[in-house]
Every structure is written in C-alpha cells, then in structure tokens.
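Structure, as structure tokens:
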Amino acid sequence: MLVNNNYLIFIGIFLLSPTAFASSNCWNGSGTAFNFGTSTQGQANSTTGRVIFTCNNYENSTRYIRACLRLQDEAPLSMRTNSYPANELYFNLYPLNDQSIPLSRSTQQYAQIDYVLPTASTKEAYFNLSAKIIPNQTSLVASSYYNYGFTTVIKFMAAEKQAQLPGCSAMPETNLRTVQSSASTEIRPGCQIDSVSDMNFGTLSPVSGKKLASKTTAKITARCPVNTSFYLGLGPGLHYKDNSRQLCNQGNCVSYQLYQDAANSAPWGDSIHTNTVSMVSDNGNSQSVTVHGAIPPQDWPVSGNYTDTVVVTLFY
C-alpha cells in the first residue's frame with residue numbers, strides 16, 4: 030500500500046516598517062534662576078532665562094529631536110516672603126518667542142525646541158523662557174520674595190525623519206525629564222499718586238457780597254505697599270507771595286490757602302513732618318485725602334479767570 034503523507038508548510042515573512050521613533054539618549058542640564066531685581070508694588074516686571082537640554086546620537090544615521098517643556102504645576106507660580114505669615118507675589122512663565130499664554134500643567138502651551146543630531150554627535154540646546162510678574166498686585170509688603178524651586182517637565186522624541194515627530198500637544202509623555210528653577214525679587218516701598226482732581230472755586234460775582242470769599246475741595250488719591258508710612262505735601266504754587274498762595278490773572282491776584290481740615294486750622298505745605306499729611310498703607314489699596322481750599326475775605330479784583338498750579342509731592 031502506498032501511503033502519502035502530505036504536510037503543508039506555511040512560509041511567510043514579517044516585514045518591519047522603518048523605525049518611526051528611534052531612541053536617543055537625552056538629559057536635562059541646569060535650570061535657571063529668574064531674578065526680577067527690584068520691583069515696586071503693582072509693577073509688571075519681567076526677566077528671561079533658559080533651560081538646558083542635551084541629547085546624543087550613536088546610531089548609524091541622523092536623528093531628529095523634538096523636546097517640549099511645560100510646568101509641573103498650574104499657573105501662576107508664586108514667590109513668597111520668608112516671614113510668617115508669608116506674603117505671596119504671583120508670576121507666569123512663557124516661551125520667549127510666544128508670550129500669549131503662560132506655561133502651565135493643563136494648557137496646550139509649550140516651549141519647543143527642534144534640532145538635528147548627526148551620527149556620533151552630542152548637542153546642547155536651550156529652552157529660552159520669559160518670566161513676568163503679574164501687574165496690579167497692590168497688597169504687597171515691601172520685602173524679599175522667593176521661589177526656591179519650581180519644576181519644569183520636558184518630554185521628547187527622536188525620529189529618523191522630522192516629519193515623523195508629533196506636535197507637542199500630541200506627543201505622549203513616554204520620555205520625561207524634569208528641571209528645577211527658581212525665582213526672586215525685591216519689592217521696595219514704592220508709592221505712587223493715582224490721581225489729583227482740580228480745585229475749582231467756581232464763578233464768583235460781587236452780587237454775592239461786598240467781599241470776595243469762597244471755599245471748595247479737591248481730592249488726592251495715592252497708594253503704597255502694605256505697612257508703608259508716607260506723606261503728602263503741597264507746594265507753594267506759582268505765585269506765592271507774603272506767606273500766601275495766589276490765584277492770578279496777568280498782574281491781578283487773589284490770595285488763597287490750602288488746608289488739611291475743613292475747619293481751616295492746619296495749613297497744608299510741603300515740609301515733611303511739619304505741615305504735610307501723614308498716612309499709613311494698611312492693605313496696599315489706594316487711599317484718598319481731601320484738600321480744603323479757602324479764599325479769605327478780600328476786595329474784589331478785576332474780572333477774569335484766576336489760576337494757580339500747585340505741585341503735589343509724595344514722600345516715603
């Protein structure tokens with residue numbers, strides 16, 4: 030009997046596509062110390078720095094690298110005083126070439142670097158960053174503020190072709206490196222005058238009385254950092270004469286005075302600790318003070334528009 034044993038042999042081949050993402054050895058270098066220098070309360074200050082990132086390539090062909098940096102924490106970041114309780118000052122970090130959206134844990138904003146690694150090479154690249162103090166932080170104590178260490182996260186990929194590299198938002202966090210950076214600034218007891226209203230005695234006429242006399246007020250608004258003592262002074266004016274300020278119209282003048290109180294008992298001048306108004310900023314917000322103006326009884330001058338200009342000085 031002839032018996033045939035037939036065996037079927039399946040012959041196949043498994044073809045590998047070209048490597049989409051080839052491994053390269055990458056590591057982070059040093060972070061940066063963002064030093065804003067000296068700032069004043071409410072000021073928007075900025076500085077720059079860079080984070081170093083290095084890769085090498087010991088493969089047999091050129092590799093393309095894309096690295097993407099974000100913050101480990103949510104924006105904004107903060108600096109604090111070393112006092113207790115601590116005071117906080119907030120700032121944001123941006124890619125230097127795109128400062129529209131701050132870097133953060135949850136946003137799609139990244140600082141990105143792309144570079145080419147020839148075979149048997151090592152290359153150091155830099156994330157160029159901008160740090161900005163958020164403006165209008167008015168409740169700040171004059172002191173030194175520090176962030177001793179915040180973390181940036183770098184994800185990266187290498188490929189045989191640049192077109193194989195995904196964008197930063199789509200890149201998986203498979204290869205990660207972290208970098209520590211710091212920030213500091215000095216808030217000085219900077220003060221500012223927010224506004225000064227004009228003092229208007231109005232339109233006056235001899236019909237109202239035998240003597241010229243009038244009273245009115247104006248407002249000065251100023252602000253300083255928390256716990257800052259400051260003083261507001263008023264200059265003598267353009268036409269000061271015989272211990273009196275004067276409103277003048279060409280050669281004709283009317284005497285008047287400025288006071289700290291409605292009773293007109295405390296003249297307001299610009300000699301600190303003598304005739305200036307003393308104030309203290311409890312919370313860093315704007316504070317307003319009233320200037321009381323008085324024209325004492327005197328003979329009526331010729332008709333016309335009488336004016337004076339007084340310099341307001343803030344001492345701190």
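The numbering used here applies: residue 30 is where the sequence shown begins, and numbers increase by one.
By construction, the Cβ of each residue, glycine as well, lies at the ideal position given by its N, Cα and C atoms.
Remember, it's a predicted structure, so these values are computed and weren't measured experimentally.
Outcome for residue i when other beta-carbon atoms lying within 10 angstroms are tallied against a minimum of 16
i           : result
residue 149 : exposed
residue 147 : exposed
residue 131 : buried
residue 335 : buried
residue 70  : buried
residue 188 : buried
residue 301 : exposed
residue 248 : exposed
residue 62  : exposed
residue 93  : buried
residue 57  : buried
residue 297 : buried
residue 113 : exposed
residue 255 : buried
residue 191 : exposed
As assigned by DSSP and simplified to three states, the class of residue i
i           : result
residue 331 : coil
residue 221 : strand
residue 191 : helix
residue 235 : helix
residue 248 : strand
residue 311 : coil
residue 230 : coil
residue 87  : coil
residue 302 : coil
residue 163 : coil
residue 62  : strand
residue 199 : coil
residue 135 : coil
residue 78  : strand
residue 157 : strand
residue 127 : coil
residue 325 : strand
residue 168 : coil
residue 340 : coil
residue 178 : strand
residue 184 : strand
residue 152 : strand
Residues of its chain near residue i, where Cβ-Cβ distance is below 7 angstroms and the 5 sequence neighbours each way are ignored
i           : result
residue 350 : What is shown of the chain runs 30 to 345, which leaves residue 350 out entirely.
residue 103 : 133, 134 and 135
residue 87  : 149
residue 184 : 97, 200, 202, 204 and 205
residue 319 : 246 and 248
Sequence-distant residues of its chain with Cβ nearer than 8 angstroms to residue i (five each side left out)
i           : result
residue 105 : 119, 120, 121, 131 and 163
residue 155 : 79, 80, 81, 82 and 142
residue 257 : 171, 218, 220, 309, 310 and 345
residue 166 : 70, 71, 118 and 119
residue 101 : 134, 179, 180, 181, 182 and 207
residue 330 : 241, 278, 281, 282 and 283
residue 269 : 275
Same chain, Cβ closer than 6 angstroms to residue i, five either side skipped, listed in chain order
i           : result
residue 237 : none
residue 338 : 267
residue 143 : 95
residue 315 : 223, 250 and 252
residue 177 : 211
residue 342 : 262 and 299
residue 157 : 79 and 125
Residue i Cβ short of 7 angstroms to the ligand SAH heavy atom set
i           : result
residue 131 : Only the bare structure without any ligand can be found here, which leaves the ligand SAH out of the picture.
Within-8 angstroms CB hit, residue i to chain B
i           : result
residue 267 : Absent here is chain B; the protein component of the structure consists of one chain.
Can you list, in chain order, the stretches of the alpha helix (DSSP H) that have 4 or more residues and sit fully within the segment 91-115? Here no run is fully enclosed.
Three or more C-beta pairs closer than 8 angstroms, one from the segment 233-248 and one from the segment 194-213: is that the case here? These segments do not touch.
contact_flag[the segment 83-99, the segment 110-119] where n(CB pairs < 8 angstroms) is 3 or more: A contact between stretches requires three or more CB pairs, one per stretch, nearer than 8 angstroms, and the segment 83-99 fails this requirement with the segment 110-119.
Count the CB pairs spanning the segment 289-296 and the segment 271-280 that are closer than 8 angstroms, and state whether there are at least three. No: fewer than three Cβ pairs fall under 8 angstroms.
Counting pairs of Cβ atoms below 8 angstroms between the segment 205-214 and the segment 296-310, do you hit three or more? The segment 205-214 makes no contact with the segment 296-310; the number of CB pairs closer than 8 angstroms stays below 3.
Those runs of the beta strand (DSSP E) which lie wholly inside the segment 253-302 and span at least 3 residues: DSSP runs (the beta strand (DSSP E)) wholly in the segment 253-302: 258-263, 274-278 and 281-288.
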